[in-house]
Structures are given as C-alpha cells and as structure tokens.
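Notes for the one structure printed next.
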Amino acid sequence: MPSSCSESAIIRIRTSGRATCTFSPAATRASQSLYARRRCWRVPLSSPGTRPPPASWRTERTASSSRRTMRAVPPGLPLSCVILRVWRIFAIPAARATTPTQPRQKSCTVSCSRTGNNKEALSVRSAWKEEPLMRVNTITCHDVYNVGAALQAYALCRYLRERGHDAHIIDYKPDYLSGHYRLWGGVSPRFDRPGLRLAFNLAKFPGRAAARMGRRKRNFDSFRRTYLPLTARYDSFAALCAEPPPADVYLAGSDQIWNTLFPNGRDPAFYLQFAPAGVTRASYAASFAMDAVDPAWAERQRAWIGALDYVSVREPSGLALLEQLGITGGEAVMDPVFLLPAAAWRELVVPVRRSKPYLLVYDFDGSPAIRAAAEQLAAAHGCEIVTVLKLPYGTPDAADAGPDGFLGWLAGAEYVLSNSFHATAFSLILHRPFMTYGRQEKLNSRMRDLMEIAGLPGRKRADEPADWDRVDERLKLRIAASEAYLSRVLHES
2 MPSSCSESAI IRIRTSGRAT CTFSPAATRA SQSLYARRRC WRVPLSSPGT RPPPASWRTE
62 RTASSSRRTM RAVPPGLPLS CVILRVWRIF AIPAARATTP TQPRQKSCTV SCSRTGNNKE
122 ALSVRSAWKE EPLMRVNTIT CHDVYNVGAA LQAYALCRYL RERGHDAHII DYKPDYLSGH
182 YRLWGGVSPR FDRPGLRLAF NLAKFPGRAA ARMGRRKRNF DSFRRTYLPL TARYDSFAAL
242 CAEPPPADVY LAGSDQIWNT LFPNGRDPAF YLQFAPAGVT RASYAASFAM DAVDPAWAER
302 QRAWIGALDY VSVREPSGLA LLEQLGITGG EAVMDPVFLL PAAAWRELVV PVRRSKPYLL
362 VYDFDGSPAI RAAAEQLAAA HGCEIVTVLK LPYGTPDAAD AGPDGFLGWL AGAEYVLSNS
422 FHATAFSLIL HRPFMTYGRQ EKLNSRMRDL MEIAGLPGRK RADEPADWDR VDERLKLRIA
482 ASEAYLSRVL HES
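Numbered continuously in our numbering, the sequence shown closes out at residue 494.
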C-alpha cells in the first residue's frame, strides 16, 4: 500500500441531522487491512494531556468547540462501524445544538496515512464551518387583495426560506392599506367633505357588506393564512418604529412600493426608515412604475433610498430614475415571482375544470383594444372569454379567485390578454400564449421593460408563436444576476 492516500472521505453534518458520506476505495482498503483489536479509547478533544490512542491512530482538532469526546475506533472493524461511530460523535450533537441565527456546519475528513512507526492509520479531522442563516424581514404591500401583490410577497419569502434563512413578511397595514373591505369610512377624495362623507358611506354600505362576505375575500384571506409567514400586525409607521420586528436584514420589496402616485410610495416605512441602526437595509426589485420622478417627493426619496445599504429596482428604467435622484450603484433585478421555477408555481395551482377552451382577460381599465382582440380571438379559435374582473363582456368566472385560483385559471387558458404586469410574468413562466396592453394610468414602463428582457418587445397578437426556449434562456441570465445580488445582501458569499 502506498505511504499516503490522497483520497479521503468527507462527512458533512448539518443542523438538520442529515449527512452524506463518500469513502474512497483506498480508505476502505486501509481500514480493512489494519490489525484488529477489539478495544476503544476515549479522547477528549478539548482537554490536553489525556492518554492518547495507540500509535496507529492520530486524531487532530482544527477548531475549538464545546467539550466533546471522540471514540477512536480501532482498525479492523467493519467500515459500517466506522461510519456509525463517527455519526454518533458528530451528527447527533450537531442536530441537537440548533441556533436559529447562525447554525454551524460540521465537516469531518477521514483519510488514510502512515504514522512514524510505519503503521497504517486513519486520520480524523473535524472543523466547524459557519453557514449564514439570517433572520430576514421583508416589507411590501402583501395584503391588498391584489393577485400580483400577494404572489410576489409569497415568492420572495419562499425563496429566502428555501435558501435556509428565517424569513417573514412584516404585517404592515396602515389605514390606507386596510380599507378595501371596511364597512364604514374610506371616502373617495372627491367626496371627502363634511357634507358628502355620510352620503357616500351610506351609498357604499350595501356593496361593502356583500363584498366583505364574498368568496373573493375569503379566498385571499385563506391564501394569506396558509402561505404568508407574517410578523405581528403594525397599523402605523409610529408603531413600526417603536418596536420593529427583530432581524439581521430588512428587505423592501417588491412591487410598486416606491410609486408616489399611491400612498405607499410616500410612506417612509417602505424605505426601511424604521430599521434600527447597524442592521443591513436593502431593497429588492422595488418599482417606481413611472417614467419620471415626482418633483414634490424627489428630495425625500433621495434621502430615504440613499440611506439603504443595497439598492435594486425591478425595471431597468428604474435605474434612470435613481440617477435622477443622484443615487448610483443600483441594480436592476427580476420580480420575485421569477425566483421560483415553473414547477414550484404549478404546485400552487388550483385546477380549473371546464369543458370548453377559454381565453383569460385581466383588464384593469376596460380597454376597448383588449375587448376587440378578445372577441376576435374567441371567434377565430372557438374559445369562451373568462374575465378576472367584472367587464361588460365575457363571464367573470375568475373574479372570485384568490392568488392560487388565479394561477389555475391562467395555467389552463388557451390565451391570456391583459394589462397586468404579473399576468404577463406568469404567462412567461408558465408558457401561456399572451398579449400585453398598455395601461391608462401611465404605468407601462414595467411591462415594456419585461417584454424587452424576454425578447418579445414587438409582440402583436396572443396567437403569435413564441420561442419559449429562447425566452427561458434570456430570463435565466437575469434571474442568475438577481440571485447573486441577494447572495451579496445576505452575505452568502
């Protein structure tokens, strides 16, 4: 047998208690050829001066840890005994010692060599390796009874958890985000005058009561309870500042949290102004969803975004807005829904049972262009028209769907026509023929940028063939860059 063996066996122990072990043939032969002796020696690894094992054994300690005894197994025992005893020494204590913020990974190397007296020996070397596992709290508009908002919040949190982090969504619900199903209040700005508030609320009360008891709200509430890991509820920015949920990293995003057309874009909470000093603050795929910075809020956005440790936006056009604010070093990353593969989304799908093929319409504005295209496409391909929102045409069969139900309707559609960013995103992920249209509210930069990233900027018809392999390759490049950004933020590399 050669004087030394370069092959070695590695046993990696994680806090979950699972291990993988690979022994080389050379190490196996060495363990079987050594002289047999049915005795064992206990070697306290952290106490010097203890009687060492026989000369044919050498144990090395390369990192300090709590006091632990290693059983030096005499050569000649079957290889299964070696594996079992090393397992008992390292795996079981590691599985018991779980720390939520920084669990450690044990690496144990077993190799064969010769000692000074020319006897073959096995050398066991172990070391602790710190593996980053952080508490991460994200903040976004997660509970506004909007399909895209709920699914992107779910996607980011699930992605972080699958990477081993303790991730939660901050359940931030100030007054302007909690009035969707309020029975009283929530007056439109046009009627927010002393003489009109009462009349407005009385007129709205029957519809609000019906909606509060409706199936759509129940489906969204069920999705939130089942799939969104939330912190304690915060109903104001002051409450969030007074006692923020503890975390190692705070992430702002994704979706239109920086759009100053809406109250959330003017709320310092979505710029992580509540986070304690010394904690990492970063944005992930935050969206302005605008073509220009609002001058009235430019100064405050400059200060708030400039205070972040890492900055990323969802659209490449958002980088230009950061430059308008004088902020450099930002990155453009993909919406969180792209961080999960299509298979993960299909696990979430609630199947739709329907005898006839259908096309799905998700239209926020009642667009005449979408209606004309839907009716023409339905006539040409013999499809029914199903709408996500109630429109003057089609059947609103998908109107009561929650986020998982919406995925079922989209996954089963022959075609998808929408002016929704996330309907476009899931059409790309699930390979559904689609057509995207502009919005009336000038929120089109996000859809335009996404179509360019996918390589489909000139798409004119939903039944126009798409090269999905090419689309996937283009998306993968951007997804890889997005994952690299998160890895830097979470100190994984």
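In this text, a Cβ means the ideal position worked out from N, Cα and C, and glycines have one as well.
Model, not experiment: these values are computed from the prediction.
Exercise for review: Identify every residue that forms a DSSP beta bridge with Thr-1.
Suggested key: The requested residue 1 is not part of the displayed model; the chain covers only 2 to 494.
- Query: Which class does Tyr-228 belong to by DSSP, given the choice of helix, strand or coil?
  - Reply: helix
Val-362 to Asn-445 span [Cα, whole Å]:
Spanning the alpha carbons of Val-362 and Asn-445 requires a straight line of approximately 18 Å.
Worksheet item: Among residues of its own chain, excluding the 5 on either side of Arg-234, which ones have a beta-carbon nearer than 7 Å to its beta-carbon?
Response: Asp-172, Lys-174
(Q) Nearest by alpha-carbon distance to Val-387: which of Ala-278, Asp-405, Leu-411 is it? (A) Leu-411
Per DSSP, cross-strand counterpart(s) of Glu-332:
Ser-313
Specify the secondary structure class of Thr-139 as computed by DSSP and reduced to three states. strand
Quiz item: Nearest to Met-436 by CA position, among Glu-324, Tyr-272, Ala-345, Ala-370, is which residue?
Solution: Ala-370
Problem set entry | Residue environment, Leu-478, which counts as buried when at least 16 other CB atoms sit within 10 Å | exposed
* Kindly list the residues whose CB is nearer than 6 Å to the CB of Pro-397, restricted to its own chain and excluding five residues on each side of it in sequence; keep chain order. => Thr-388, Lys-391
Measuring alpha carbon to alpha carbon, tell me which residue in Gly-439, Lys-218, Leu-229, Val-137 is nearest Ala-276. Val-137
Practice item. Measure the CB-CB distance between Gly-549 and Val-338 and report whether it falls below 8 Å. Key: Residue numbering for the chain in the displayed model covers 2 to 494; residue 549 lies beyond these limits and cannot be assessed.
The stretch 450-463 / the stretch 303-312 touching (three or more Cβ pairs under 8 Å): no
Query - Close-in-space but distant-in-sequence residues of the same chain around Asn-420 (CB under 8 Å, 5 per side omitted) - result: Excluding residues within five positions, the ones whose Cβ falls inside 8 Å are Tyr-363, Asp-364, Phe-365, Asp-366, Ser-368, Ile-371, Thr-437, Tyr-438, Gly-439, Arg-440, Met-448.
Exercise for the section: Measuring alpha carbon to alpha carbon, tell me which of Pro-434, Val-280, Glu-484 ends up nearest Pro-245. Expected result: Val-280
Whole angstroms are fine: how far does the CA of Pro-434 sit from the CA of Ala-400?
21 Å
Check your understanding: Taking the alpha carbon of Leu-178 as the point to measure from, which residue in Val-145, Arg-159, Glu-163 has its own alpha carbon closest?
Key -> Val-145
>> Taking 6 Å as the limit between beta carbons, can you name the residues of its chain near Ser-34, skipping five residues before and five after?
In response: Low confidence applies to Ser-34: its pLDDT is 36, below 50, so where it sits in the model is not reliable, and the reading given next is rough at best. Taken in chain order, the list of residues that qualify is empty.
Quiz prompt | Range covered by the alpha helix (DSSP H) that runs through Met-448 | solution = 446-454
Check: If we ignore side chains and look at the alpha-carbon of each, how far apart do Ala-151 and Pro-404 end up?
Finding: 7 Å
Exercise. From Ile-258, Phe-221, Cys-242, pick the residue whose C-alpha is nearest to that of Tyr-285; which is it?
Worked result: Ile-258
*asked:* Quick check: the Cα distance between Ala-243 and Ala-379, rounded to an integer number of angstroms?
replied: 55 Å
Is the beta carbon of Cys-384 sitting closer than 8 Å to the one on Leu-349? No. Outside cutoff.
Buried or exposed, going by whether 16 or more other CB atoms sit within 10 Å of the CB of Thr-227? Exposed, since its Cβ has fewer than 16 Cβ neighbours within 10 Å.
### Query
Can you tell me whether DSSP reads Ile-258 as helix, strand or coil?
coil
| said: Tell me the rounded alpha-carbon separation between Ile-170 and Ala-467. | reply: 36 Å
Exercise. Hey, which unbroken runs of the beta strand (DSSP E) at 3 residues or more fall wholly within the stretch 138-175?
Worked result: 167-173
Where does Ala-64 land, buried or exposed, given buried means 16+ other C-beta within 10 angstroms? Bear in mind that the predicted position of Ala-64 carries a pLDDT of just 37, short of 50, making it too unreliable to give a figure here.
| message | I'd like the span of the alpha helix (DSSP H) that includes Phe-407, first residue to last. | response | 404-413
| query | Taking the alpha-carbon positions, what's the Ala-485 to Asn-260 distance? | reply | 26 Å
If you follow the alpha helix (DSSP H) that Tyr-486 is part of, which residue opens it and which one closes it? 469-490
query: Applying the criterion that 16 or more other CB atoms from any shown protein chain within 10 Å of the CB defines a buried residue, is Glu-450 buried or exposed?
result: Here the sequence assigns Asp to residue 450, which means Glu is not the residue at that position. By the 10 Å Cβ count, Asp-450 comes out buried.
**OP:** Label Trp-185 either buried or exposed according to how many other C-beta atoms from any shown protein chain fall within 10 Å of its C-beta, with 16 as the threshold for buried.
**Re:** Model confidence at Trp-185 stands at a pLDDT of 49, short of 50, so the residue's coordinates are unreliable; what they give is reported in the following sentence. So Trp-185 counts as exposed.
inquiry  = In whole angstroms, give me the CA-to-CA distance for Gly-254 and Ile-140.
reply    = 6 Å
Return the first residue and the last residue of the alpha helix (DSSP H) that Ala-379 is part of.
-> Ala-379 -> alpha helix (DSSP H) spans 369-382.
Give the range of the alpha helix (DSSP H) segment to which Ala-354 is assigned.
One detail in the question is off: residue 354 reads as Arg in this sequence, not Ala. Note, Arg-354: premise wrong, no alpha helix (DSSP H); not H, not E.
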